Amino acid sequence: MQNYINHENIRRYHKLIAVSESNQCRNEARHETLLRLLAEERAKDVGPGGSTEE
Numbered sequence: 716m717q718n719y720i721n722h723e724n725i726r727r728y729h730k731l732i733a734v735s736e737s738n739q740c741r742n743e744a745r746h747e748t749l750l751r752l753l754a755e756e757r758a759k760d761v762g763p764g765g766s767t768e769e
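Residue numbers (this note's numbering): 716 to 769.
Here's what the structure looks like:
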């Protein structure tokens with residue numbers, strides 16, 4: 716179940732980052748937070764053998 720949640724969070728962060736990157740008036744603090752959250756979620760999503768699954 717946790718693996719499913721991690722994958723859904725990663726998908727959500729990717730979408731939010733894409734929207735943020737396309738916005739010329741983006742909030743840099745929010746954008747950096749999204750990038751950090753994505754990195755943290757990817758770190759949780761380490762599969763067997765140490766490789767990330769995506």
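Glycine residues also receive a C-beta, built at the ideal position from the N, C-alpha and C atoms. Quick caveat, the model's predicted, so the values are computed rather than measured.
Worksheet item: Considering only residues of the same chain and omitting the five flanking positions on each side of residue 752, which have a CB-CB separation below 7 Å?
Response: For this step, residue 752 is matched to residue 37 along the sequence shown. The beta carbon of residue 752 is closer than 7 Å to those of 728 in its chain, skipping five residues each way along the sequence.
Worksheet item: Taking the C-alpha atoms as reference points, what is the distance between residue 757 and residue 741?
Response: Within the sequence shown, numbered from 1, the residue matching residue 757 stands at position 42. Within the sequence shown, numbered from 1, the residue matching residue 741 stands at position 26. Their Cα atoms are separated by approximately 23 Å.
Worksheet item: CA-CA distance, residue 732 and residue 745?
Response: As a working note, residue 732 is residue 17 in the sequence shown. As a working note, residue 745 is residue 30 in the sequence shown. C-alpha separation (whole angstroms): 9 Å.
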